[in-house]
Each structure stands twice: as structure tokens, then as C-alpha cells.
Amino acid sequence: MRKVIIKTNKLSKSFSSGGVQQHVLKNLDMEIGAGDFTIIMGSSGAGKSTLLYALSGMDKPTLGSIAFFEQEISKLSNDKLAVFRRLNCGFVFQQMFLLDNMSILDNILAAGLLISKDRKAITARAKELLTQVGLTEEIWSKFPTQLSGGEAQRAAIVRALINQPKVVFADEPTGALNSAAGKAVLDVLTELNNKGQSIVMVTHDLKSARRGNRILYMRDGVIHGVCELGPYVSGDRERHGKLQAFLMEMGW
Amino acid sequence: MRKLTMLSFANIRKSKGHTVSLFLMFLIAALLLNAGSLVFANFGGFFDKITRELQTSDAYYIIPNRMYSEEIDSYLKTNPNVQNVQKAEALWANGSMPYHEEKREARFLLYDADSPREHSKWKWIGEQLPPDSMSIYLPYVMNVDGGYKLNDPFELTIKDTRFTFTIKGFTEDAFFSSLDTGNLGAYLPHETYESLKKQLGASYGATVLFVNLAKSDNDVEAGIRELLPKDDSAASSQRDGTGTLFSMELKLVQLSRTLMSSMVSVMMMAFAAIIALVCLIVVRFRIGNSIEEDMTKIGSLKAVGYTSRQIMGSIVMQYSLIALVGSVVGISISYAATPMISNVFAHQSGLVWVQGFDSGVSSIVLCGLLMVVMLVSFLTSRQLRRLSPIVALRGGIVTHSFKRNHMPLHRTRGRLPFVLGLKSMLQNSKQSLMIGVIVAAVSFASTFGLVMFYNTTVDTKAFAETPGIEISNAVAVLKPDGDHSSFVESVRSMSEVRKAQFIDQTTIKIEDTDVATFVMDDYSAKETNTVYKGRYPLHGNEVVLAGVLAEKLDKTIGDRVMIRMGDKQGEYRVTGLSQGSNMGGMNASLRTDGLLPLHADYKQQSLQIYLKPGSPADQFVSKLEHEYGSSLVQAVDMDKSMEQGMGMYVSIVSKVGTAMLVITIVVVMLVLYFVIHSSIIRKKRELGIQKAIGFTTLQLMNQLSLGFLPPILIGVLVGSAIGITQTNAVMSVAQRAMGIMKANYVILPSWVALFGAALILLSYFTSMLITYRIRKISAYALVSE
């Protein structure tokens, strides 16, 4: 039986827009397992990103609770959530959100040095991770605007990993990339997952979704269906067919 | 035009906080600039207006009646230099009065109020009440500075006799309205005057001659002096002053009345110029920032057909509108503040300066400020001309061109927020430079203000030395007759006395100019050194000239000057230049053996007495009067005289200094608000990312605040250093008209350092307060935008 690392209980999130309350998440109960590559899919406005950011402590739910490794995080203050994020979560965003005024290496160290006081050790780890994702030394001192989208996203993945997070949260990480760059990024994430890294990823993209072993499909703020796929194997037609059938069933 | 206005107002609405802070800065700049300009342009003219209105004569001479003769009348009538003479009768006496709950000595000229004058008239200030048996009309300074009110009793003590009057009105005239130009004029109803005249006796009667002169460099005074009984000529150096001829020229009175206003106006305008410069730098910075922030909006406007000129026009209009409104309000407030400024000056001058609206001055201030703002706005927004709509719509890549990764984190030691703050500072070098320049400018101004404050409230010695006279604790004025050597020895042996030496003052002519001259045996014993170039005279044929006098005579060290006293004259070599406002800078220093060839009967009379620390001068003076009264004309408590004499100057300068300190702090806070607020808006994305990856609000607040600290630190250091090294130079320029060629104010680096440290701490805490708004920036808002 797999270990549950994140569990929600009647999770709700509402936004007020022009005096009208919009309920994005509605009494949502769900679990994320250790070592899972969880994919959250759904139509636009289904609440995928809202769920991702609630689970990662980036945003607070309106009602309900979130247990992250048995720690209740929904009632934490903003600053405690910041500390929680730096210790437990890594983030990969669609727009990368690297700091434009810093070199790639500094972008990663800015996150790493938040936790580690050992400058040498954290620098060595950053360089090792950068090499692992295929970013060579000449790129390390460049600024984000001097990199291609794929390179920047891989750098963002390294930043997400620098503090050895318990979970990596990725919000459409290939959304702004061409297919080759997107594939390279997905390969990195898959390899990480294969090494035991828990990942939660929001995507619209079928190719990206295939990388997950557990697909959650959302509609109108609730989990509408779950598809268990097992580990990703490139070219596994049966696995891909199962996913496609699930998505068709969900009305995707 | 409507489109431009629409765009401008939209920008103003969008950045209310910045608009308000800029508005406040322009308000302060315009207020100071207009107030300073009004004082500078009008206060001197106002004195001229008063003299015209009251038909004040060019000079006046007071002669005790016992010395006055018909010959003097004839001499004046026949002197080609004399245009007309107004003769007035008065009672002339040294007296004491309660003043600010203390006894204050002054030389009074008491006139018959019912005896009209054709020249040198006086007028009422405010209401006057019907007189009773012992009424008096006092100069307005007694009301504004002394605190006396109508119907208050006024006690005047002359030679141990106390006269109690009731104040029935306040007066203004050009010559006698202040406590610091020789004689204080008071007016008595005819009956009171006659009664007082009878009680005081004939010895207090004096004739006052108001004289209009054809040319100012004249020998009228010398001519009158020649006609005085010779027996009394030695009394000219008496400190009592009522024993012989006293003369005063209007130009010297004008200098005395307006010197403080001219000094204050220069300080105000210099400070206003600094504030205006800060405003312009901030405007430039703000425009650059708003272009960066609104890049996409500018792209959209260009895309839908707005021309660069229209967008630039909207920016110029936006800042010109803020400057216009701020300046108009500031100028209006400055008019509301002029009665306060007038009141401050009235404490010294005793004159009521009423400043109406001066369209000329205010138009120049307003137009000057507006034109500079328009020019700066135009020049700064010119970069928009080169910006294509596509580049702007993409966020304007031209604004991001990081060339160097300053302080790489893998090599830089230190706490992360501090290192990131420094990185940011280096990357925003223009902004850091701007903050540095602004802080340096205001630090200089505040150091200046601090020095003024310190020298007028804590250590007033340098300020007290401004007149250039020797500062002792007491002066014993000896009777002109008899041998006082045993008295002098007795004084020197008194337990309280540290030192006693003669320093007298007499009037001579140098190159036909009347000059007040200090006379001393040995200048090496002098404790107040006023020679700023060269040296004091070591020999009898040497003289030191005041810098102002030397400039007037076109003489310098090594030159020879002709000195005349009565019918004797001699040539003297100039050995040094001194400073001091005594006689409006028309003063000199001679040795006693240098004066004797001109005045063989000269006798030393003013014994300067220096007391040991802890010996009160008032008690010593009482003791002196009690034990040696028979040898003395009078004994003067110089500590008290100095305190009273400097009081009004101290009050004005300390107020100006304090105002400069307060304005400095306000401006620093406004600038910080402006810059940091702009930074937060500009760095919203960066801060959001940092929050997302786990930075707390406090870390980010520290990061931003620490990033501003180095330029603030450098600015404070540079500004304070300039303040420490240049304040005396600035004051020398500002006080040149007073005869101060080389100001020597005490500048305590420890005080400046303390204030600088306080300014830095205040800046840091202000930054932390302003950056507290970072808590509102959520990481989620960033990613969901």
C-alpha cells in the first residue's frame, strides 16, 4: 500500500469577483502518494492550478484542511508558509519565473542558500544538477533572457530541486516550449520521478500527461475521475490507450 | 489636447501616492523659494520704504546739552555737505528695565511725543491709548520681543531712581527701533516728558541733530567733535556713552536691521534650491520608472495610433500639473508664513514688515520651477521617441540590459538578504547614484543646519565673536581722571580673576572713513582672535583693518594707510585683516603706542576682566561696584550683556537651523518613500518569485532596505564631509556683508556623525516601514496573473 504524503479534507476555495463569489474548489477530498507522478488535468477553469497552489502552500484554502506529511498547512501564516515552501516544495512554472537580474547559477543559489549555510556544498550541488539536466558550464553565468525557453525551464527545474523538496509542483511546465524543448523537460521530470521524487503536475497536454502514473481529472472544482497508469514506459501503447480512454470518458 | 489631458489625469489617478509625495516636495521647494525670494527682494526695500515714509535723515548726532553750543548750529548751517538739519530735544540716559524677567541695561533716548519733527519722524504701530500722568510710548520691539502690552507698567531705573510708566502705545522709527544699534527711542506725552526732565535734572538733557548729507564720506562728525569742549573729548571712549557726542549713520542702521534677513534669505534660498534639485532628480527618476512600468500600455497607445509626441506631452503635462499645483499651494502658504517670518525679524529689527502679494517674485518662482520641470520631463521622456510599439508591447527589452552579474552568490560571503540587496543596488546604479546625490545634498544642508543650531544654542562662543569684540566676563569702565594702576593690580589679585587687560574702542579716521578702532597694549594677550589673514600689530606704526574696510579702501597687507584723529595724523602699515560686524565691518585694531601720537591725552579706560571658571560674572560685578565704585564709571556684566545681545540673533538662526533639520528629515523620508515605492512596483514580479521559492516578507524587506543603505550611507558621509569642511566657507559668503570674511563656527564632527547615524537609522527604519507593503504581494497573485 502506497504512503499518502498529501491529503485534503473538504477543501474549498472561493474568489470574489465584482461582488460575486466564485467557488473554484468544492469540498474536495484527495490524496497524493509518495513517489507518485500525479497529473492534474481538466478543462479551463476546472480549478487545476488553484488546487496545485493550495496543495503546495502557495495559496490558502477558504475552507477545509490540507495535511502535508501530516502537517496541517491550511492555517499557517504567510511567512510560515514561505518557510514551509522552501523546506518542502519545489516549483516549476509555465513562464519559468527566473529572476532576470541574476545569472542562472545565482537563480539557483538564491533558493539554495535560503536553507543551506554551506555555500560550497550548495554550489557543488547546483552545478551537479545543472549538468544532470544538460545545462553546460557556459550557460551557468548567463542571464535568463539569454537562454532558450527549454534551457530556462531546465534551469527552473534545477532551482526547484536544489533544496531536495519532498514534492515538486509543476504548473504546465511545457506550455511555453516547443515540442523538442518540452520533451527534454518532461524527460528530466520523468527521470527524477524514476529516482523517487514525488511530482504533482498540472497540464493540458496529452504527451505530458502520459508521463504521470496517476491522473486526476477535475471538473467544476471537484475530482471527477482518477486513472491509475503505473510507471511511464516510452512507447507503451496499451498505457497510452488506457489514458486516452479515460480522458474520453471524462469528456476531455 | 483633450487626449493629452485625459492621459495625464489617468496617470495621476493611477499613482496617487507618488503624486502626493511629489506634490509635497514641490510645495516645500516653492514655499522656501518664494519666502526666501520675498525676504531677499523686499526686506531691504521695505527698510527703504520706511525711511522714505518717515523721511529719515542720513545720520544723527546726539550731543549732551552741557557740550552743545550755538557754534555747532552755525557749523552745520554753513557746511556744504549738510543739506538740512532737524533739531530735537531729548533726555539721554543709561537705564535698566525688566526684560524677559531679567534686568536689562539700555541707552534710552526719551523724546517729547508732542514735539513734531519734519525729518526722522516716527509712527504708531497698532492702537494707542489716551495718556495719563506717567505714560510712555515704547518701540514695537518691546512688544514683539520684550512681551510688553498696552497698559502694562514699564519700570525704568536711571541712576538708582525708578520711574514707573504705563505703556500707552508702540512706535516705529528707523533709527531707534531696536536694542542693538546704540539707542532705544521712547516717546513721552509732553507733561510726562516735562515731569521726568525736572526729576532727572539738566545733566540728562541732550540735543539730537538729524542731518541729511550731500555725500556719505564726510567730515561732519569730526567737525562737530572739534567744536566740543576739549575737557570732555576723552569721554569718547567711555562705555557709558552718554557723556559725549554719539553719531550714527542710516546706512549702518540699515545694515544692522537687514543683515539677519539677508543672511536668512540666502540660507532659505540655498536650501530651497537643494530641495528643488531633489524634486527634479525625483521627477526624472519617476518618469524613467513610469515608462518602464507602463511599457505595455505605451505600446498599446502607440499601436492604436498615439504619436510619441502625444505620449511625451501627456508625461510633461502630468508632472507640470503636479509641479503647478504643488508650487501654487507652496507659494500661497509662503504668503501665509510671511507674518511669522516678519515676526522673527521684528525681534531683531523692531520693524513690522508687511508683505503683500508680490506678483513679480512669485511669478518668477512659479515660472522658474515649472519651466525646469517641463524641461526635465521633456528630456527624460524623449527616450519614447525611439521605442517601437512592438518592443513596447513585449515589455520593452531596452529597459533590461544586465551587463554584469555583480557579486556572484557562489563567491560572495554574507547574509543572503544583504548580498541580494547589494546585487540589486549595483544593478540599479543610476538609482543608487540618485539616492546618493540626494542624500548627500540634504545631509550637507542638515549639517549646515546642525552647525547653526549647535553654535546658537549649545556653544555660542563663535557666534558671540561675530561682532569681533573681545569676549571677557566683565568690563570695568574707569573714570577718565586719576591714576588707576593700583586699582588694576587689586583687580588682578582678586581670587575670581584669571586675567585683566585694557582693550578700548575709539573712533578714528582711516583714509577719511570713520572707523571704530580697538586699542590694546599687546595683542598677543587677546583671547578672541579675529585676524583671519596676517597678524595683529606688533609695533606702534602697524594697524589691522577689517576685511570689509580693507576692500572698501582697496588696501591689503603691506599697504600703508593714513590715520587721522582730530588734527593729528600718521601713516601706518597694514599687517593683517580682521573680521567682525562691529560698525558694519568698519573697524580696525591699533596698539596703544600707535594711538598715542594721534591722541596724546589718551587714557585706557575699559578693563576687560576674565574670570576663573565657576565664578559668576554678576556677583563679581556687584562686588566690584561695591568695593571700587569710586574708581568706576560703571562695571558691566559682559556674560549677561552678551547673552542679551546675542539672544535675538540666536533665536532667529536657531529657528532657521531647526527648520532646515526638520525639512531635511521630511525630504529624506519623502524621497525614500518615492524610490522604494517605485522599486516595489517595478520589482513586483521579482519579489513574487522570491516569495514563491520561500523568502519571507521580513527577508525581502531587509533585502530591499539594505540595498538602499549603501548609497544612503555614502550620501550621508559625503554630505556630512562637505558640511563639515564647507559650512564655514558658505557662512563666510553669507555673512560677508556683516564683516565676517572667514566664519569660524564650531563644527563638532561627533555631532555631525551622530546626526548622520541617526539619519541612516531613520532611513533604514523608514525603508522597512515602506517595504512592509511587500506583505501584500502574494506569490500566488504573481503566478495567477
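Protein sequences, first through last, are from chains P and X.
The working numbering numbers the first residue of the first sequence as 1 and each following residue consecutively.
The working numbering numbers the first residue of the second sequence as 253 and each following residue consecutively.
Backbone N, C-alpha and C fix where the C-beta goes; we use that ideal spot for every residue, glycine too.
(request) Grab me the residues of L98/P's own chain with a C-beta within less than 7 Å of its C-beta, minus the 5 sequence neighbours each way, in chain order. (result) Counting from 1 along the first sequence, the entry for residue 98/P is found at position 98. The residues N107, P144, A152, A155, A156, in chain order, have a CB closer than 7 Å to that of L98/P in the same chain once the five nearest residues on each side in sequence are set aside.
(message) Beta-carbon within less than 6 Å of M838/X's beta-carbon, same chain only, minus the 5 sequence neighbours each way: which residues are those?
(response) Residue mapping note: residue 838/X aligns to position 586 of the second sequence, counting from 1. Around M838/X: V767, L801.
(request) Kindly indicate if chain X contains any beta-carbon less than 8 Å away from that of V83/P. (result) On the first sequence, position 83 is the one that residue 83/P refers to. Yes, V83/P lies at the interface with chain X (some Cβ there is under 8 Å from its Cβ).
(message) Using DSSP's beta-bridge definition, name the partner residues of D100/P.
(response) Numbered from its first residue, the first sequence carries residue 100/P at position 100. None; D100/P has no bridge partner.
(request) Return yes when the C-beta of S903/X is under 7 Å from any heavy atom of the ligand FMN, and no when it is not. (result) In terms of ligand content, the structure shown is empty, and the ligand FMN therefore cannot be addressed.
(message) Distance cutoff 8 Å, beta carbons only. Does M201/P sit that close to anything in chain X?
(response) In the first sequence, residue 201/P corresponds to position 201, counting from 1. Interface annotation, M201/P: not in contact with chain X, CB-CB separation never under 8 Å.
(message) Let me check understanding here. Comparing Cα to Cα, which of M814/X, K449/X, K375/X lies closest to N317/X?
(response) For the purposes of this step, residue 317/X is identified with residue 65 of the second sequence, where counting begins at 1. Comparing Cα-Cα distances from N317/X to each of M814/X, K449/X, K375/X, the minimum goes to K449/X.
(request) At 7 Å on the CB atoms, spell out the chain P contacts of T948/X, in chain order. (result) For the purposes of this step, residue 948/X is taken as the residue at position 696 of the second sequence. Within chain P, the residues near T948/X are D79, A82, V83.
(message) Taking its Cβ as the centre, do 16 or more other Cβ atoms sit within 10 Å of W605/X, making it buried, or is it exposed?
(response) The residue given as residue 605/X occupies position 353 in the second sequence. W605/X comes out buried.
(request) Would you mind reading off the limits of the beta strand (DSSP E) that contains H240/P? (result) In the first sequence, counting from the first residue as 1, residue 240/P sits at position 240. In this chain, H240/P is not harboured by any beta strand (DSSP E); it is covered by the alpha helix (DSSP H) spanning 237-250.
(message) So for L129/P, helix, strand or coil by DSSP?
(response) Mapped onto the first sequence, residue 129/P falls at position 129. Correct three-state label for L129/P: helix.
(message) Does any residue of chain P have a CB that is nearer than 8 Å to the CB of V1035/X?
(response) For the purposes of this step, residue 1035/X is taken as residue 783 along the second sequence, with counting starting at 1. By this cut-off, V1035/X is an interface position.
(request) Drop a sphere of 10 angstroms on the beta-carbon of W344/X, count the other beta-carbons inside from all chains shown, and report buried for 16 or more, exposed for fewer. (result) Within the second sequence, the letter at position 92 stands for residue 344/X. W344/X counts as buried, since at least 16 other C-beta atoms from the protein chains shown sit within 10 angstroms of its C-beta.
(message) For a contact defined as C-beta to C-beta under 8 Å, what are the partners of A110/P on chain X?
(response) In the first sequence, counting from the first residue as 1, residue 110/P sits at position 110. The answer, in chain order, is L661, L668, L672, Q942, I945.
(message) So for T136/P, helix, strand or coil by DSSP?
(response) For the purposes of this step, residue 136/P is identified with residue 136 of the first sequence, where counting begins at 1. Here T136/P sits in coil by DSSP.
(request) Could you confirm whether any beta carbon from chain X is found closer than 8 Å to the beta carbon of F91/P? (result) Indexing the first sequence from 1 puts residue 91/P at position 91. By this cut-off, F91/P is an interface position.
(message) From the DSSP secondary-structure annotation, give me the bridge partner or partners of I388/X.
(response) Taking the second sequence and counting its residues from 1, the one referred to as residue 388/X is at position 136. Bridge partners of I388/X: I419/X.
(request) Kindly indicate which three-state DSSP category D325/X falls into: helix, strand or coil? (result) Taking the second sequence and counting its residues from 1, one reaches residue 325/X at position 73. For D325/X, the secondary structure class from DSSP, reduced to helix, strand or coil, is helix.
(message) Can you list, in chain order, the residues of its chain with a C-beta nearer than 6 Å to that of F1055/X? Leave out the 5 residues immediately preceding and following it.
(response) One cannot answer for residue 1055/X here, as it falls past the ends of chain X, which runs 253 to 1037.
(message) Measuring alpha carbon to alpha carbon, tell me which residue in K503/X, S601/X, A528/X is nearest M623/X.
(response) Within the second sequence, residue 623/X is the residue found at index 371, counting from 1. Of the candidates K503/X, S601/X, A528/X, the residue whose Cα lies closest to the Cα of M623/X is A528/X.
(request) Below 7 Å CB to CB, which residues in the same chain sit around S724/X once its five sequence neighbours on both sides are set aside? (result) Stepping through the second sequence from its first residue, residue 724/X is reached at position 472. These residues qualify, in order along the chain: Q860, I861, Y862, M890.
(request) Report back the beta-carbon spacing between S1015/X and L924/X to the nearest angstrom; my notes put them in contact at under 8 Å. (result) Looking up residue 1015/X in the second sequence gives position 763. Looking up residue 924/X in the second sequence gives position 672. With a Cβ gap of about 6 Å, S1015/X and L924/X count as contacting.
(request) Step through the CB atoms of chain X and report whether any lies within less than 8 Å of the CB of S141/P. (result) Numbered from its first residue, the first sequence carries residue 141/P at position 141. At least one chain X Cβ lies under 8 Å of S141/P.
(request) Tell me whether K329/X is buried or exposed, calling it buried when 16 or more other Cβ atoms sit within 10 Å of its Cβ. (result) Numbered from 1 along the second sequence, position 77 holds the residue referred to as residue 329/X. Counting Cβ neighbours within 10 Å, K329/X comes out exposed, since fewer than 16 surround it.
(message) Using 8 Å for Cβ pairs, my map puts H442/X next to D384/X. What's the rounded Cβ distance?
(response) Translated into the one-based positions of the second sequence, residue 442/X becomes position 190. Translated into the one-based positions of the second sequence, residue 384/X becomes position 132. The pair is not a contact, with the Cβ atoms about 13 Å apart (cut-off 8 Å).
(message) Please report the straight-line C-alpha distance between V902/X and E357/X, rounded to a whole angstrom.
(response) Along the second sequence, read from residue 1 onward, the residue named residue 902/X stands at position 650. Along the second sequence, read from residue 1 onward, the residue named residue 357/X stands at position 105. Approximately 19 Å, taken between the alpha carbons.
(request) Kindly indicate the opening and closing residues of the alpha helix (DSSP H) around F462/X. (result) Translated into positions along the second sequence, residue 462/X becomes position 210. From DSSP, F462/X is part of no alpha helix (DSSP H) but of the beta strand (DSSP E) over 457-465.
(request) Name the two residues that bound the continuous alpha helix (DSSP H) containing T759/X. (result) On the second sequence, residue 759/X is found 507 positions in, with the first residue counted as 1. In the DSSP assignment, T759/X falls outside any alpha helix (DSSP H) and lies within the beta strand (DSSP E) extending over 749-762.
(message) Can you confirm whether R934/X, when its beta carbon is compared against all beta carbons of chain P, has any partner nearer than 8 Å?
(response) Walking along the second sequence from the start, residue 934/X turns up at place 682. Taking CB atoms only, R934/X has no neighbour in chain P less than 8 Å away.
(message) Distance check for G832/X and V534/X, CA to CA, integer angstroms please.
(response) Residue 534/X sits at position 282 when you count from the first residue of the second sequence. Residue 832/X sits at position 580 when you count from the first residue of the second sequence. Near 41 Å, if we compare the C-alpha coordinates of G832/X and V534/X.
(message) I'd like to know if R1027/X contacts chain P, where contact means its C-beta is closer than 8 Å to some C-beta of that chain.
(response) The residue labelled residue 1027/X in the question sits at position 775 within the second sequence. Cβ-Cβ to chain P under 8 Å: yes for R1027/X.
(request) Indicate the three-state DSSP secondary structure (helix, strand or coil) for H878/X in the structure shown. (result) The count along the second sequence starts at 1 and reaches residue 878/X at position 626. Looking at H878/X - three-state DSSP - the assignment turns out to be helix.
(request) On a CA-only basis, which of V691/X, S882/X, N793/X is nearest L730/X? Give me that one, please. (result) For the purposes of this step, residue 730/X is identified with residue 478 of the second sequence, where counting begins at 1. For the residues V691/X, S882/X, N793/X, the minimum Cα distance to L730/X belongs to S882/X.
(request) Pull up the distance between the alpha-carbon of R663/X and that of A126/P, whole angstroms please. (result) Counted from its first residue, the second sequence places residue 663/X at position 411. Counted from its first residue, the first sequence places residue 126/P at position 126. Each residue's Cα considered, the two are about 14 Å apart.
(message) Less than 8 Å between the C-beta atoms of T409/X and S348/X, yes or no?
(response) For this step, residue 409/X is matched to residue 157 along the second sequence. For this step, residue 348/X is matched to residue 96 along the second sequence. Yes, Cβ-Cβ distance for T409/X and S348/X is below 8 Å.
(message) Using a 10 Å radius around the Cβ and a threshold of 16 neighbouring Cβ atoms, would you call K1028/X buried or exposed?
(response) As a first step, residue 1028/X is located in the second sequence; it is residue number 776 there, counting from the start. K1028/X should be labelled exposed.
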